[in-house]
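Notes for the one structure printed next.
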Amino acid sequence: DTGVSQNPRHKITKRGQNVTFRCDPISEHNRLYWYRQTLGQGPEFLTYFQNEAQLEKSRLLSDRFSAERPKGSFSTLEIQRTEQGDSAMYLCASSSGQPGMDTQYFGPGTRLTVL
Amino acid sequence: GENVEQHPSTLSVQEGDSAVIKCTYSDSASNYFPWYKQELGKRPQLIIDIRSNVGEKKDQRIAVTLNKTAKHFSLHITETQPEDSAVYFCAASIRSSNTGKLIFGQGTTLQVKP
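Line order of the protein sequences matches chains R and P.
Those letters in the first sequence? Residues 1 to 115, per my numbering, in order.
Those letters in the second sequence? Residues 1 to 114, per my numbering, in order.
Dropping the structure here:
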């Protein structure tokens with residue numbers, strides 16, 4: 001499967017714990033996005049990488065959230081001191097070509113449940 | 001601020017009928033409008049997209065129309081089939097950020113009754 005992959009697919013954690021998610025984009029894609037999707041809503045933009053540079057962060061991304069893409073390939077999203085409000089599906093998408101004009105391909109997501 | 005409104009939130013049609021979903025956007029500089037289909041527990045999958053230099057695009061039973069003056073675009077599905085049942089999301093690119101991030105509508109749950 002050469003699509004976007006994400007691990008783990010599901011994560012259950014207790015409030016206050018730290019969690020880390022991984023995204024592997026399509027190999028030739030230099031752009032990578034993280035979105036968050038809550039039940040019954042569309043995905044909401046969290047952050048964007050072009051190669052290894054993090055170029056934009058949403059105001060939704062509090063100080064407890066950090067994302068990296070160290071070698072311009074895979075990316076990680078870490079949430080520290082999780083809260084129940086962090087429960088959501090975390091989606092990763094990748095693309096290539098001209099920003100704002102090309103297709104973003106989504107991964108299957110990581111569903112986070114904070115107890 | 002940047003916003004995409006999508007209607008209706010739910011849509012139920014008989015198999016073989018047409019379905020239409022409408023979206024409006026706020027950023028007049030937006031020039032890319034994809035539509036995604038998301039089945040329960042699965043990833044959003046692109047079904048069709050349109051760029052601002054065209055007013056209509058068709059792919060078999062699916063078509064999208066764009067009215068840039070009115071800042072709205074619509075998804076049309078003809079001859080609906082039960083496997084079209086899913087949640088559909090429209091989105092618009094936000095040009096001001098230069099990143100290509102998408103702003104999504106709230107989604108439309110389409111049910112096609114056999």
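Ideal Cβ placement from N, Cα and C applies to all residues, glycine included.
Just to make sure I have the definition right: I need the residues of chain P whose C-beta is within less than 7 Å of the C-beta of residue i. Which are they?
i, result
"Tyr-48 (chain R)", "Thr-99 and Lys-101"
Report the neighbours of residue i on chain P: residues whose CB is nearer than 9 Å to its CB, in chain order.
i, result
"Arg-22 (chain R)", "Correct list: empty, because the minimum Cβ distance to chain P is about 16 Å."
"Arg-31 (chain R)", "Thr-99 and Gly-100"
"Ser-87 (chain R)", "None at all; the shortest Cβ gap to chain P is about 16 Å."
"Ser-95 (chain R)", "Gly-100"
In terms of residues, what are the limits of the beta strand (DSSP E) holding residue i?
i, result
"Phe-65 (chain R)", "65-68"
"Glu-56 (chain R)", "53-57"
"Phe-74 (chain R)", "Element bounds for Phe-74 (chain R): n/a, residue is neither H nor E."
"Thr-65 (chain P)", "62-67"
"Asp-27 (chain P)", "No beta strand (DSSP E) holds Asp-27 (chain P); DSSP gives it neither H nor E."
"Asp-59 (chain P)", "56-59"
"Asn-7 (chain R)", "5-7"
"Met-89 (chain R)", "88-95"
"Pro-25 (chain R)", "Neither: Pro-25 (chain R) is in no beta strand (DSSP E) and is coded neither H nor E."
"Ala-86 (chain P)", "86-93"
"Gln-111 (chain P)", "108-113"
"Glu-11 (chain P)", "It should be pointed out that residue 11 (chain P) corresponds to Leu in this sequence rather than to Glu. 10-14 is the span of the beta strand (DSSP E), which, as asked, contains Leu-11 (chain P)."
"Pro-34 (chain P)", "32-38"
"Ser-96 (chain P)", "From DSSP, Ser-96 (chain P) is part of no beta strand (DSSP E); its letter is neither H nor E."
"Lys-11 (chain R)", "10-13"
"Arg-111 (chain R)", "110-114"
"Glu-5 (chain P)", "4-7"
"Ser-74 (chain P)", "72-77"
"Leu-118 (chain P)", "With chain P running from 1 to 114 in the structure shown, residue 118 (chain P) is simply not present."
"Glu-44 (chain R)", "44-50"
Can you give me the Cβ contacts of residue i inside the same chain, cut-off strictly under 8 Å, excluding the 5 residues immediately before and after it?
i, result
"Arg-51 (chain P)", "Asn-31, Tyr-32 and Phe-33"
"Ser-58 (chain R)", "Glu-44, Phe-45, Leu-46 and Thr-47"
"Asn-18 (chain R)", "Glu-78, Ile-79, Gln-80, Arg-81 and Thr-82"
Under 8 Å between beta-carbons, which chain R residues line up against residue i? List them in chain order, please.
i, result
"Lys-42 (chain P)", "Pro-108"
By the criterion of Cβ-Cβ separation under 9 Å, what are the contact partners of residue i in chain R?
i, result
"Phe-89 (chain P)", "Gly-42 and Pro-43"
"Leu-46 (chain P)", "Thr-103, Gln-104, Tyr-105 and Phe-106"
"Phe-73 (chain P)", "Chain R residues near Phe-73 (chain P): none, gap ~15 Å exceeds 9 Å."
"Gln-81 (chain P)", "Here the premise fails: no neighbours, minimum Cβ distance about 23 Å."
"Gly-105 (chain P)", "Gly-42"
For residue i, I'd like the list of residues in its chain whose CB is within less than 6 Å of its CB, leaving aside the five on either flank, ordered along the chain.
i, result
"Asp-59 (chain P)", "Ile-48"
"Thr-65 (chain P)", "Glu-56 and Ser-74"
"Met-89 (chain R)", "Gln-37, Gly-109 and Arg-111"
"Lys-14 (chain R)", "Leu-115"
"Asp-24 (chain R)", "Ser-5 and Phe-74"
"Ser-66 (chain R)", "Glu-78"
"Lys-113 (chain P)", "Gln-14"
I believe residue i touches residue j by the beta-carbon criterion, under 8 Å. Please report the beta-carbon distance rounded to the nearest angstrom.
i, j, result
"Arg-81 (chain R)", "Gly-16 (chain R)", "6 Å"
"Phe-74 (chain R)", "Arg-22 (chain R)", "6 Å"
"Thr-108 (chain P)", "Ile-21 (chain P)", "5 Å"
"Gly-105 (chain P)", "Ala-86 (chain P)", "In fact, because the Cβ distance is near 14 Å, the residues do not count as touching under 8 Å."
"Glu-68 (chain R)", "Thr-76 (chain R)", "5 Å"
"Ser-12 (chain R)", "Thr-113 (chain R)", "For the sequence presented, residue 12 (chain R) should be read as Ile rather than Ser. Yes, they are in contact, since the Cβ atoms of Ile-12 (chain R) and Thr-113 (chain R) sit about 5 Å apart, within 8 Å."
I'd like the list of long-range same chain contacts for residue i, defined as Cβ closer than 7 Å, with 5 residues on each side in sequence excluded.
i, result
"Glu-2 (chain P)", "Ser-26, Asp-27, Ile-94 and Ile-103"
"Ser-96 (chain R)", "Glu-28, His-29, Asn-30, Arg-31 and Asp-102"
"Ala-29 (chain P)", "Arg-95 and Ser-96"
"Ala-19 (chain P)", "Leu-11, Val-13, Ile-77, Thr-80 and Leu-110"
Show which residues of chain R have a CB atom less than 7 Å away from the CB atom of residue i.
i, result
"Asp-49 (chain P)", "Thr-103"
Next item on the list: Determine which residues of the stretch 49-62 of chain R have a Cβ less than 7 Å from any Cβ of chain P, and write them out in chain order.
Entry: Using a CB distance below 7 Å, the part of the stretch 49-62 of chain R facing chain P consists of Leu-55 and Glu-56, ordered along the chain.
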